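Anchor point for the sequence shown: position 448 equals 544 in the working numbering, and the numbering is continuous, going up by one each time. Glycine is no exception: its CB is placed at the ideal position from the N, C-alpha and C atoms. Keep in mind that this is a model prediction, so the values were computed, not measured.
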Amino acid sequence: MEAQRESWGSKTGFILAAAGSAIGLGNIWKFPYIAGENGGASFVIVYLICIAVIGFPVLIAEILIGRSTQRNPVGAFFKLSGSKFWAGVGGMGIVGGFLILSFYAIIAGWSIGYIVEAIDGNFFNFVEETASAQHFLNLVGNVYWILGYFIFFMMLTTVIVFAGVKKGIERGSKIMMPILFFLLIILMIRGITLNGAEKGLEFLWNPDWSKINANTILIALGHAFFTLSLGMGAMLTYGSYMSKKDNIISSAFQIVFLDTIIALIAGIAIFTAVFATGLNPQAGPGLIFHTLPSVFIKMPGGYFFSILFFILLTLAALTSSISLLEVVVSYFVDERKWKRHHAAIVLAFFITLLGVPSALSYNVLSDFTIAGKNFFDLVDFIASNILLPLGGLLISVFVAWKWGFKKVLPNLREGAENLFEKYPWVISFWKIFLKYFSPILIFLVFLNSIGILDKIIELFF
Ligand code: PFF
């Protein structure tokens with residue numbers, strides 16, 4: 097007889113864990129800087145549309161596959177299709193989790209390192225932004241610094257996944273998520289009460305439509321995927337621990353809502369502060385690690401707020417990294433019959449090993465490139481630009497075309513009977529978006545990611 101599969105203790109537990117997976121470095125580190133680079137408000141609007149018409153429908157689809165099968169991504173696709181091809185799509189998700197965690201944990205490690213920098217008051221030694229950028233380069237250039245915090249972060253992730261779905265992931269999310277909301281609200285209030293904060297708000301609210309082009313739309317859509325943890329079976333895996341009594345549609349809505357609101361609040365907290373201190377909103381990936389330290393030293397209470405900020409960033413990363421590890425662990429537990437404890441430790445070890453060359457890309461291996469990319473960028477590119485969009489595309493195609501709505505809808509209905517009766521149009525929209533919109537749009541993102549969309553456009557126009 098099969099051992100009893102693990103499950104969430106409650107619907108709230110599931111929502112907090114899934115929102116924890118969604119809310120991460122993507123919201124607090126990446127969203128503000130890509131919004132900054134791509135025109136602020138106009139980008140935000142495009143992003144919101146992408147979340148609503150693609151992110152939300154695909155999220156429902158992923159959770160549904162997981163809940164209907166109560167399996168990891170490989171087992172889930174195989175159970176529903178009986179085909180090795182589709183099981184391979186699940187397998188892509190496992191590989192994706194492996195790859196993403198190997199570099200995600202490195203950036204999360206920087207965040208822990210920055211908590212220590214903040215506590216030491218080190219930011220106050222760098223008045224100019226260029227000096228603080230140089231300090232960042234010195235830190236990541238130090239092999240011991242970068243590896244030490246990376247390994248430490250991987251250990252934190254492992255401990256939580258080791259403890260199990262209910263006792264580890266759910267309990268951890270229930271503690272960390274409220275702290276995260278609280279810290280972010282404090283930081284937002286600090287931001288908007290600074291002198292000159294209005295300019296930051298204007299930047300986020302006044303759209304400049306000249307900044308929107310095909311590329312911005314595709315960046316927004318790609319980010320919608322990353323931020324909702326879609327395309328690699330993380331939400332599928334979390335959905336597999338969900339009860340059939342719970343409403344998938346309303347849960348997905350709450351997850352999307354929380355993820356979006358947190359990204360917006362992070363944007364407000366960061367841009368009000370950046371503008372109020374007269375710094376550049378277009379600093380790119382360095383926005384948080386170069387620009388913010390100079391912002392903190394110029395604001396009243398900056399010492400205290402800088403510590404809070406990096407604690408917030410670390411917690412957000414941790415509730416996401418556990419979902420990445422869980423995808424990989426669930427496969428080995430379900431399909432290979434490994435014990436959870438063993439799986440968590442062994443797999444985390446191999447993920448850490450894979451992360452080492454990425455960490456070294458910032459120092460000893462900085463000259464080593466493959467296809468013009470260093471190891472870190474290469475792994476990031478393969479996972480974020482190829483595996484995630486391809487996974488999202490195949491998930492939409494699978495649910496809408498292969499599994500088929502005839503079989504899908506009775507499953508989706510479980511726990512959502514009320515919604516099916518009162519708002520049948522929600523279901524109709526979902527079907528149309530999943531069947532046509534998402535496959536086509538995701539396909540375009542995919543072509544863009546691998547750099548061939550431009551050539552195709554040139555060919556035709
Ligand atoms: N959604 C996370 C973020 O925004 O930081 C990143 C992520 C987590 C992507 C889990 C994919 C995933 F499976």
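So which of the options has the shortest CA-CA distance to residue i?
i       : options                               : result
Ala-114 : Asn-309, Val-191, Ala-293 and Ala-412 : Ala-412
Val-140 : Ser-325, Arg-286, Asp-304 and Phe-557 : Asp-304
Phe-194 : Ile-538, Ile-418 and Ile-553          : Ile-418
Ile-361 : Ile-344, Phe-127 and Phe-110          : Phe-127
Phe-446 : Phe-199, Gly-105, Ser-106 and Ser-177 : Phe-199
Val-261 : Trp-104, Phe-539, Asp-473 and Leu-326 : Trp-104
Ile-265 : Pro-274, Thr-253, Asn-514 and Phe-525 : Thr-253
Leu-593 : Gly-135, Ala-214 and Ser-524          : With the chain covering 97 to 557 only, the question about residue 593 has no answer from this structure.
Asn-168 : Pro-506, Ile-552, Gly-268 and Ala-183 : Ala-183
Ser-306 : Val-504, Val-142, Ile-491 and Ile-552 : Val-142
What do you reckon, are the CB atoms on residue i and residue j nearer than 9 Å?
i       : j       : result
Leu-549 : Ala-310 : yes
Phe-117 : Ala-259 : Checking the sequence, you will find Ser at residue 117 rather than Phe. No, they are not a contact pair.
Ile-119 : Ile-358 : yes
Thr-108 : Lys-270 : yes
Gly-171 : Glu-431 : yes
Ile-147 : Ala-348 : no
Thr-165 : Ser-336 : yes
Phe-110 : Tyr-334 : yes
Ser-457 : Thr-312 : no
Phe-173 : Gly-205 : no
Phe-533 : Val-149 : yes
Ile-211 : Ile-403 : yes
Ala-157 : Leu-530 : yes
Phe-471 : Val-185 : no
Met-250 : Ala-444 : yes
Ala-38  : Leu-474 : No answer is possible for residue 38: the residues shown for the chain start at 97 and end at 557.
Ala-77  : Gly-382 : Here the chain covers residues 97 to 557 and nothing more, so residue 77 does not appear.
Thr-415 : Gly-268 : yes
Trp-499 : Leu-176 : yes
Leu-235 : Glu-213 : yes
Leu-326 : Ile-161 : no
Helix, strand or coil: which one does DSSP assign to residue i?
i       : result
Met-97  : Bear in mind that a pLDDT of 42 at Met-97, under 50, signals an unreliable position, so the number given afterwards is only what the model happens to contain. In this structure, Met-97 counts as coil in the three-state DSSP scheme.
Lys-340 : coil
Lys-433 : coil
Ile-351 : helix
Ile-466 : strand
Asp-304 : coil
Thr-254 : helix
Trp-104 : coil
Ser-461 : Note that residue 461 corresponds to Leu in the displayed sequence, not to Ser. In this structure, Leu-461 counts as coil in the three-state DSSP scheme.
Phe-385 : coil
Met-395 : coil
Gln-230 : helix
Phe-406 : helix
Leu-314 : helix
Met-328 : coil
Leu-375 : coil
Whose C-beta lies closer than 7 Å to the C-beta of residue i among residues of the same chain, with five residues either side of it excluded?
i       : result
Gly-192 : Met-328, Ala-479, Leu-483, Leu-484 and Gly-487
Ala-455 : Ile-202, Ile-242, Leu-243 and Phe-246
Thr-368 : Gly-287, Ile-288, Leu-290, Ala-293, Gly-296 and Leu-297
Val-541 : Leu-314, Leu-317, Gly-318 and Pro-485
Gly-511 : Lys-340, Lys-341, Asp-342, Asn-343 and Ile-344
Ser-207 : Phe-406, Leu-409, Thr-410 and Ala-413
Arg-101 : Gln-166
Ser-545 : Gly-318, Asn-481, Ile-482 and Pro-485
Leu-375 : Glu-225, Thr-387, Ser-390 and Val-391
Ile-351 : Ile-111, Ala-114, Ala-115, Ala-118 and Leu-155
Thr-448 : Ile-247 and Met-250
Only counting the same chain, and skipping five residues up and downstream in sequence, which positions put a Cβ closer than 6 Å to that of residue i?
i       : result
Gly-122 : Phe-322 and Thr-323
Thr-373 : Val-391 and Lys-394
Val-429 : Arg-436 and Ala-439
Counting C-beta neighbours from all protein chains within 10 Å, is the total for residue i 16 or more, i.e. buried, or is it exposed?
i       : result
Asp-463 : exposed
Tyr-129 : buried
Phe-400 : exposed
Phe-152 : buried
His-386 : buried
Gly-132 : buried
Pro-535 : buried
Thr-226 : exposed
Leu-555 : exposed
Ala-439 : buried
Phe-219 : buried
Trp-526 : buried
Ser-524 : exposed
Val-223 : exposed
Ile-215 : exposed
Phe-371 : buried
For chain B, find out if any of its Cβ atoms is closer than 9 Å to the Cβ of residue i; answer yes or no.
i       : result
Ile-482 : Among the protein chains of the structure shown there is no chain B, as only one such chain exists.
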